[in-house]
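Asker: One structure is given below, represented as structure tokens, and several questions about it will come after.
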Amino acid sequence: MKEVALQPYARLPREYRGLEVLASTVDAYGRALWLLSDSPDALPDDLSGSGRLTTPPRKQPYDALLVMDKNGTARELVLHDVHLLVSKLDALPNGRFLLTGTAAWHRPPASAAANAQIYGRDGRPRRSFPIGQVGHLLADQRHNVWTGYFDQAIYTDPISAPGLVRWDTGGNQQWAYQPPPGEEHIADCYALNVTDGVAWAYYYQAFSMLEIHTGGRLTVRGTPVKGAHGLAVHGDQVTFLASRGHQDRLHRCRLTDDAVLLEEEATLTMPGGKPLSRYGVVGRAHALYLLDPSSHSWHVHLT
């Protein structure tokens, strides 16, 4: 099978690598973001596999350091008074940032706790609100924030129950998925891709792909891929990353009006051909960004 190598994209500067990475992403502006802390109080003593808090932190709130890298140029911003055990972050328009995680002094359900914080460009908190138990968090440049949810959250928390939700950048819910007649509900949002005004979501149990426009248009397409964990879209081309038993498999497909057709498969490797290991993934338009196990390096594959 053909092999395709990832390309290096961004690396946390060396002077920050002694700090703990709380969360990392690639934002809608192409920047790699890392939220860092040198305090054990920012971290739980133990996290379950889904990232939910099992032991409360020793101290709240705390300050965290946000490092932003674009084309090898890094800058930093201190975020003050973080009240969360952060698992996700993203950038919002106008120099703002959004953190989500566990509001540690609350117990589930997540809807009882303000577990999202919006920060201004000065690093000061502006607003907190409940956002559910987020599995995927992606914002665009048009004031849309999309959240996808995993199965345990969907079946236990009313905010998370739709499986896919759109918010404005003030923290107000604007849309939540309701399956069209004859389509299944989202039991687990496996993959999410966002560009300005459009989101694509791939979900269990149907392994279908949703195309959602902020203007209201919704298309559901069946796919030939089972168990993907990332997707990238470019015109009528879509690439799925991973399938059951093949975490390094690329499935290159073509979109029709009502279906996704498989055209080619390949094996994705690290630069130089080294096999993929455990990774985090972010999908934005035609790009798949993969985070290495150290959380220090991002790599990219372009559809």
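Counted the way the UniProt record's numbering counts, the sequence shown spans residues 1 to 303.
Glycine included, every Cβ here is placed at the ideal spot set by N, Cα and C.
When the Cα of Val303 is compared with those of Arg254, His143, Leu218, Ser294, which residue comes out closest?
Answerer: Reading off the sequence shown, one finds Thr at residue 303, where the question assumed Val. Taking only the C-alpha atoms, the option nearest Thr303 is Arg254.
Asker: By a C-beta neighbour count over all protein chains shown, 10 Å radius and 16 as the cutoff for buried, is Pro162 buried or exposed?
Answerer: Label assigned to Pro162: buried.
Asker: Cα-Cα, which of Met1, Ala10, Lys2, Glu3 is closest to Leu290?
Answerer: Comparing Cα positions, the closest option is Ala10.
Asker: Are Glu76 and Val82 closer than 7 Å when you measure CB to CB?
Answerer: No, the Cβ-Cβ distance between Glu76 and Val82 is not below 7 Å.
Asker: Give every residue of the same chain whose Cβ lies closer than 7 Å to the Cβ of Ser243, excluding the five residues on either side of it in the sequence, and list them in chain order.
Answerer: Closer than 7 Å at the Cβ level, and outside the excluded window around Ser243, lie Val225, Lys226, Gly227, Ala228, Arg249, His251.
Asker: Figure out for me which residue from Lys88, Phe129, Ala103 has the closest Cα to the Cα of Pro61.
Answerer: Minimum Cα distance to Pro61 is reached at Ala103.
Asker: With Asp151 as the anchor, note down where its alpha helix (DSSP H) starts and where it stops.
Answerer: 151 to 154 is the span of the alpha helix (DSSP H), which, as asked, contains Asp151.
Asker: Could you give the residue range of the beta strand (DSSP E) that holds Ile186?
Answerer: Counting along the chain, Ile186 falls outside any beta strand (DSSP E), and DSSP gives it neither H nor E.
Asker: Are His185 and Val198 touching if we call contact CB-CB under 7 Å?
Answerer: No, these two residues do not count as a Cβ contact at 7 Å.
Asker: Whole-angstrom Cβ separation of residue 305 and Arg124, contact assumed at under 8 Å?
Answerer: In the structure displayed, the chain extends from 1 to 303; residue 305 sits before or after that span and is not available.
Asker: Do you know how far the Cα of Gly72 is from the Cα of Leu33?
Answerer: Those two C-alpha atoms are separated by around 12 Å.
Asker: Thinking C-alpha only, which one of Thr195, Met209, Ala113, Asp151 is nearest Pro179?
Answerer: When only C-alpha atoms are compared, the closest one is Met209.
Asker: Tell me whether Tyr289 sits in a helix, a strand or coil according to DSSP, three-state version.
Answerer: Tyr289 falls in the strand class under three-state DSSP.
Asker: Less than 8 Å between the CB atoms is what I'm expecting for residue 313 and Asn115, so what's the real figure, rounded?
Answerer: A question about residue 313 goes unanswered here, because the residues of the chain that appear run from 1 up to 303.
Asker: To the nearest angstrom, how far is it from the Cα of Met270 to the Cα of Lys2?
Answerer: Answer to the nearest angstrom: the Cα atoms are 14 Å apart.
Asker: If you check the beta carbons only, do Tyr155 and Cys189 fall under 7 Å apart?
Answerer: No, they are not a contact pair.
Asker: Going by beta carbon distance, what residues of the same chain come within less than 6 Å of Gln237, once the five residues before and after it are set aside?
Answerer: Around Gln237: Thr303.
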